[in-house]
Each structure stands twice: as C-alpha cells, then as structure tokens.
Amino acid sequence: MHKIVLTLLLAIWSNPSYAGWEFLIDEDPFEDTKIAAAMAASDFNQSELVFKCWQGIPSATLMGISIANEPDIEGLLDTKGISIDTRVDKGKVRSFKLSAQFFKGNTMLLTLRAGSDSNLFYFFKDVGAAKKTIAIRLRERIHTFPVEGSTVAIREMINTCEMPPPPPEK
C-alpha cells in the first residue's frame, strides 16, 4: 500500500518538470487483490493529489492530499477535520472534511475514504473528465493540478478496481 504512494511521490519529486498524472498497479500481499493509485503534483504549491483504490472494494477508495509549506500547519492540526473545497473546470464546488494522517516538518497528508463521504466518487468522476482545471482550496490557499493524463489514470483505476459509476447527482 505505502509502496505505491512512495513510488509515485519519488517519481514526481525526482522530475519536477513532470506535468501530468501517474498511474500504478500493485497487488495487496494479504488480500490477493489489485491496488491502483493515480497521482499528480501541483502546478505551483509543492502538493500532490492521490487517489487509491482496492479491486472490488469501492468504499475503501482513498483520496490523499500531501501539502508542503503550509504556513499555519499548527492551526490546522488543532481542528476536528480539515475542510477543503474542490472544483474541476467550471463545475460544482464540492466540500469535504479530511483527516490529517501524517506530519513531518511542515508537510501534512490529508485523507478521506469514500466510505465516509460518497461525494468523493463525484469528485473522482469530475477529475476523470477534467479539461482545464483541477483545483483544491485549503483555507485561502489554492492548489491546482494538471489535467494531462487524468482521464486515462481515472479510467484505469475504475477498470482495475471494478468501480461502479456513482448514482446520478441530485
């Protein structure tokens, strides 16, 4: 599990000029199922957006955001969940409450499982259809991510993890 995310982080960090999405597949050594991950580095803010899924377990789908150089990391850590807003292209603004999972220096990892917020599937679908902009707002700071390769990466994740389409939005 951590091997996939670490490999993606190293690939992107080792090539800072990389613009686009990476996709990897691995196997869970305990469950004998496939694990897939897709990741993109922020255009400007030293942050990464990661989606991870397990074959046949859509509710375990995970979104992670690694954020470096957050000016008020201590203030964020004192909250019960960290609120973010997301928007793809000119679409709907989606709000999520993420939990902080890892801190090192001035870097934190925020995560959300689909089982705890089904809106994650709609954001996931939005990212797969992105044409111009993938944006996440954390307080006043906006993180933008490239769209190049997002359609292929999300399609591969859906196929690998056998994810059903989300129900129609209300």
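Those letters in the sequence shown? Residues 10 to 179, by our numbering.
Even glycine gets a Cβ: it sits at the ideal position worked out from N, Cα and C.
Source: prediction; values computed, not measured.
- Bounds of any alpha helix (DSSP H) do not take in D94; it lies within the beta strand (DSSP E) bounded by 91-97.
- Around the beta carbon of E31, 16 or more other beta carbons sit within 10 angstroms, so the residue counts as buried.
- P67 and E171 have their C-alpha atoms roughly 8 angstroms apart.
- The C-beta separation of F154 from I143 comes to about 4 angstroms, placing the pair in contact by the 8 angstroms criterion.
- Taking each of I74, A46, K179, F39 in turn and checking the Cα distance to Q55, the smallest one comes out for I74.
- Pairing L119 with L107 gives a Cβ-Cβ distance under 9 angstroms.
- As for any beta strand (DSSP E) of minimum length 3 sitting wholly inside the region 48-76, the runs are 56-63, 66-76, ordered along the chain.
- For E178, same chain residues with a beta-carbon under 7 angstroms away, outside a window of 5 residues either side, are Y131 in chain order.
- Counting along the chain, A144 sits inside the beta strand (DSSP E) bounded by residues 143-147.
- Rounded to whole angstroms, G65 and P176 show a C-alpha spacing of 17 angstroms.
- Restricting attention to D98, D126, C62, the CA atom closest to the CA of G90 is found in D126.
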